[in-house]
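First up is the structure itself, then whatever we jot down about it.
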Amino acid sequence: MATYPQEQARPAVRPTLSERLRGLVPERWYIHVLLWIVCFIIGFPLFYAILVATQTNSDIYAYRFLPGSSLPENWNVVMNIAKLGGYMVNSLFIAIVVTVGKVVLSLLAGLAFVYFRFPGKWLVFGFVLITLMMPTEILILALFRLVNSLGWGNTYLALIVPFLASATGSFLFRQHFANIPSELSEAAQLDGATPMQFLLRILIPISWNTIGALTVIQFVYVWNFYIWPVLIINGQERQVVQVGLRTLMGGDTQTRYGPMMLGAVIASIPPVIVFLLLQKQFMSGFTLTRDK
Amino acid sequence: MQGWIPALILGIAALLGAVFLYNTVGRGHRASLIVLGAGALTGVAGALLFMLPLNFCTFEQEHDIIDQVFGVLLIAIGMAITLLPARWVLTRLLNKQSFLAVDASPGAFKGIILPFVFLAPTLIILAVFLYYPSLETFRLSTLLARLGAPRTAFVCVDNFTRLVDDSTYFNTVVVTLLISLAIVVIGLILSLFVAVLAYQPVKGARIYRTLLIWPYAISPVVAGVIFLLMFNPTGGIINYGLDSVFGIQIPWLNDPSVAPWAVILASVWKSMGYNILFYIAGLQNVPKDLLEAASIDGANLVRRFLQITIPLLSPITFFLVITNLTYAFFETFGTIDYLTGGGPLNSTTTMMYRIYQIGIRNNDLGKAAAESIILFVMVIGLTVIQFRTSGNQVTYGA
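As they're listed, the protein sequences go chains A and B.
Each residue of the first sequence is one higher than the one before, starting from 382 at the first, in the numbering used here.
Each residue of the second sequence is one higher than the one before, starting from 1308 at the first, in the numbering used here.
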């Protein structure tokens, strides 16, 4: 946090009018003004989307900058006709399972990399490291054939299992654990702790920042799944919300922007909540690992 | 094909491999003969890496010069893949450094099996769902294959060499590079400006930072949906604003020369939160006393920024260039699909979008796999650059 210079001791003279006025304006007011402008510009698209979510098409074309009256009607379209609620539940389920799975597997991998000596460690480490160069997007066609031949087409398994391992997470924890003084694990061993006890009782409680940071990164990552579910999931029963938004985009009839924007806003709520809740951990976790 | 062609190729590969390893490792060493032999073997293995699966098909007589050039390129890449690790291994062997010795990490637990138990789920998933599909993508790229069709046909490297004189593919590459470049340059400049502003010690700085970083949590698809409304030529707020202030209307989504800018603006908006976060983290590590010293020496605000802050931020800038390029390659897919659908006239069809169009919509798996491999090579290049330079990143303070 910023520190402020201590205020000078005030002389016991009655302040003049201009001095009193100056007290009302915050120090460095122009920075506040600039920050307000930038925040407004960055926030504007979402602000505008929320506004339109309450309007009809004719309100939009008239550029009314006041909330309209058709929020209930738009809500009806989004929830009952496009059935976005079901997509939201699917996305939430997948995002939570994959995020928890990734954090757990990454913790175990970090534990193995830092607190064990085993032959071929560098080879195993390299095996994980190289996967950073393999974006799933590029492999999507081969992955599609593989997952289908496993009989996982159109199932949650297809959306969850291939994404449970995380090279980023393994490295994040490896880095974090490597910075923890080794006296800690020595002491734990003297007390007869098993590796799992050491992980659960000591490592996890002092790693909440890193866990929080990884949770935000992975939750947002999974929530944004788009091209893969388009491919592997057909039908709306198990489809994710990013694809479900398509049903709000016109098609044969003219697009109604109100429901579309309401859908976009609703689809943004869970990741934004996760981000806001874990914001502190996210930022400090990132600062720590900036030079990975 | 005459049998002597593979033999000739392997002979040359053995010679080159031996010369390379001898010159870089073995010269003057007692074991130089062993190094020569190992070099020859590794060279042959490198040449065979791609040629064995392809069965030297690029050098068959019915193939033209492009295929042959491509074949030579593949042999060169294969040899690089085997020879560079071989040099590293040999150097360690000759210096008597062991491979099995593990770093003497203090406080390690006992057990050889247990770490593998902990690593097993990660390793299995990476092997099955990343390594195997990677190899499969290489295999697919040599096939004429259709989604759902059981039969495939081997077509050598046709899927690649046909791209050479495919003008729409060339166009896609140019579009991808221009959009990516614009996203990186515009995004980073704006983000640095905002980060410097948000770094100022004013009241409520934390609240401002939250308000600036939250678009990180917005999905590329939602960015596409929202900007689709804002760029709408008839009801869009951006044209309304432009019209009432400057009296101009821009056909954002219908004009091939403007549509990429719609994608760029939406993507920059979405990616700025991430960039600002990293720049604020970086600014926290710029030593204050250095700036104060410069200020005492009479350097003004602009000079201090240009000559101290920016150079000290260069490692972070570099990291962000790489991550933003990866973002521009892949994650713009959702934005593009909702905002422009690759149009008008393919002006916003990026390489990733084209892979989807060709592989899924046109159902041509082999060709799409070949284009995936080209994108793959670009990503590997980026990552290698990142690894090579992140090793000697400057760390200050902390």
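Every residue gets a Cβ at the ideal spot worked out from N, C-alpha and C, and that includes glycine.
Boundaries of the alpha helix (DSSP H) in which residue i is found, first to last residue
| i | result |
| --- | --- |
| Pro1527(B) | 1527-1537 |
| Lys483(A) | 465-496 |
| His413(A) | 410-433 |
| Phe499(A) | Premise fails: Phe499(A) is in no alpha helix (DSSP H) and is neither H nor E. |
| Trp1521(B) | Per DSSP, Trp1521(B) belongs to no alpha helix (DSSP H) and is neither H nor E. |
| Met642(A) | 638-658 |
| Ser566(A) | 564-571 |
| Gln623(A) | 622-625 |
| Asn590(A) | 589-604 |
| Tyr442(A) | 438-442 |
| Glu454(A) | 452-457 |
| Ala1338(B) | Run containing Ala1338(B): none; DSSP gives neither H nor E here. |
| Ser1295(B) | Because residue 1295(B) is not part of the residues shown, which for chain B are 1308 to 1705, the question remains open. |
| Phe1640(B) | 1639-1646 |
| Val1332(B) | Segment: none, Val1332(B) is in no alpha helix (DSSP H) and carries neither H nor E. |
| Tyr1660(B) | 1658-1663 |
| Val611(A) | 608-613 |
Residues bridged to residue i (per DSSP)
| i | result |
| --- | --- |
| Asp1671(B) | Arg1453(B) |
| Phe1461(B) | Leu1450(B) |
Integer Cβ distance of residue i from residue j, believed to fall under 8 Å
| i | j | result |
| --- | --- | --- |
| Leu524(A) | Phe1445(B) | Leu524(A) to Phe1445(B), Cβ: 14 Å. No contact. |
| Ala1502(B) | Ile1587(B) | 5 Å |
| Ala493(A) | Leu1433(B) | Contact flag wrong, Cβ pair sits at about 14 Å. |
| Tyr537(A) | Ile475(A) | 7 Å |
| Leu1421(B) | Pro576(A) | 6 Å |
| Gly1494(B) | Asn1582(B) | 6 Å |
| Leu1315(B) | Gly1353(B) | Actually they are not in contact, since the Cβ atoms of Leu1315(B) and Gly1353(B) sit about 16 Å apart, beyond 8 Å. |
| Phe1637(B) | Pro516(A) | 6 Å |
| Phe1287(B) | Leu1627(B) | This structure does not reach residue 1287(B), given that chain B is present from 1308 up to 1705, and the question cannot be answered. |
| Thr1429(B) | Ser551(A) | 6 Å |
| Leu522(A) | Gly482(A) | Contact doesn't hold; Cβ gap of about 25 Å is too wide. |
| Ala645(A) | Ala463(A) | About 12 Å separates the two Cβ atoms, so there is no contact after all. |
| Thr1639(B) | Pro1558(B) | The Cβ separation is near 21 Å, so there is no contact. |
| Ser1564(B) | Thr1642(B) | With 8 Å as the limit, Ser1564(B) and Thr1642(B) do not qualify as a contact, their Cβ atoms being about 19 Å apart. |
| Ala1566(B) | Pro1618(B) | Going by Cβ atoms, the distance from Ala1566(B) to Pro1618(B) rounds to 37 Å, so no, they are not a contact pair. |
| Ile650(A) | Val459(A) | Incorrect: roughly 13 Å between the Cβ atoms, too far for contact. |
4 or more residues per run - each alpha helix (DSSP H) lying fully within the region 507-547 of chain A: Inside the region 507-547 of chain A, DSSP marks whole alpha helix (DSSP H) runs of 4 or more residues at positions 521-530, 537-541, from first to last along the chain.
Uninterrupted alpha helix (DSSP H) stretches inside the region 1399-1458 of chain B (no shorter than 4 residues): If you keep only unbroken alpha helix (DSSP H) runs of at least 4 residues inside the region 1399-1458 of chain B, you get 1420-1433, 1439-1447.
Quick one: which residues of the region 421-443 of chain A get their C-beta closer than 8 Å to a C-beta of chain B? List them in chain order. Those would be Ile423, Gly424, Pro426, Leu427, Tyr429, Ala430, Val433, Asn438, Ile441, Tyr442, in chain order.
Which residues, taken in chain order from the region 582-611 of chain A, show a beta carbon closer than 7 Å to some beta carbon of chain B? Hits within the stretch, in order: Val601, Trp604, Asn605, Tyr607, Ile608.
Between the region 509-524 of chain A and chain B, which residues of the former have a C-beta closer than 7 Å to a C-beta of the latter? Per Cβ criterion, the list reads Val509, Thr512, Leu513, Met514, Met515, Pro516, Glu518, Ile519, Leu520, Leu522, Ala523, Leu524.
Write down every uninterrupted run of the alpha helix (DSSP H) in the region 1571-1625 of chain B whose length is 4 residues or greater and which is fully enclosed by it, in chain order. For the region 1571-1625 of chain B, whole alpha helix (DSSP H) runs of length 4 or above, ordered along the chain, are 1595-1603, 1608-1611.
Mind pulling the alpha helix (DSSP H) runs of 4 or more residues that sit fully within the region 1474-1515 of chain B? 1474-1506, all fully within the region 1474-1515 of chain B.
At a Cβ cut of 9 Å, what residues of the region 1671-1691 of chain B count as close to chain A, listed as they run along the chain? Listed by position along the chain: Leu1672, Ala1675, Ala1676, Ser1679, Ile1680, Leu1682, Phe1683, Val1686, Ile1687, Leu1689, Thr1690, Val1691.
Members of the region 1506-1528 of chain B that neighbour chain A once the beta carbon cut-off is set at 7 Å: Per Cβ criterion, the list reads Gln1507, Pro1508, Val1509, Lys1510, Ala1512, Tyr1515, Thr1517, Leu1518, Leu1519, Trp1521, Pro1522, Tyr1523, Ala1524, Ile1525, Ser1526, Pro1527, Val1528.
Residues, ordered as in the chain, of the region 468-492 of chain A that lie near chain B by beta-carbon distance below 8 Å: Cβ contacts with chain B come from Leu486, Ser487, Leu489, Ala490, Leu492.
Report the residues of the region 624-645 of chain A with a CB closer than 9 Å to any CB of chain B, ordered along the chain. Residues Val624, Leu626, Arg627, Leu629, Met630, Thr636, Tyr638, Met641, Met642, Gly644, Ala645.
Taking beta-carbon pairs under 8 Å, can you tell me which members of the region 1369-1399 of chain B lie near chain A? Residues of the region 1369-1399 of chain B with a C-beta less than 8 Å from any C-beta of chain A: none at all.
Give me the subset of the region 555-573 of chain A whose CB atoms are less than 9 Å from a CB atom of chain B, sorted by chain position. Taking a C-beta cut-off of 9 Å against chain B, the contacting residues of the region 555-573 of chain A are Ala559, Pro562, Ser563, Glu564, Leu565, Ser566, Glu567, Ala568, Ala569, Gln570, listed in chain order.
Interface residues of the region 1418-1429 of chain B facing chain A [CB-CB below 8 Å]: Cβ contacts with chain A come from Gly1418, Ile1419, Leu1421, Pro1422, Phe1423, Phe1425, Leu1426, Pro1428, Thr1429.
For the region 1584-1614 of chain B, which residues have a beta carbon sitting closer than 9 Å to at least one beta carbon of chain A? Residues passing the 9 Å Cβ filter: Leu1584, Phe1585, Ile1587, Ala1588, Gly1589, Gln1591, Asn1592.
The region 492-505 of chain A: which residues have C-beta closer than 9 Å to a C-beta of chain B, in chain order? Along the region 492-505 of chain A, the positions whose C-beta sits under 9 Å from a C-beta of chain B are Leu492, Ala493, Phe494, Val495, Tyr496, Phe497, Arg498, Phe499, Pro500, Gly501, Lys502, Trp503, Leu504, Val505, read in chain order.
Near-chain A residues of the region 1437-1463 of chain B - C-beta to any C-beta below 7 Å: Of all residues in the region 1437-1463 of chain B, the ones placed with a Cβ closer than 7 Å to any Cβ belonging to chain A are Leu1437, Tyr1439, Pro1440, Ser1441, Glu1443, Thr1444, Leu1447, in chain order.
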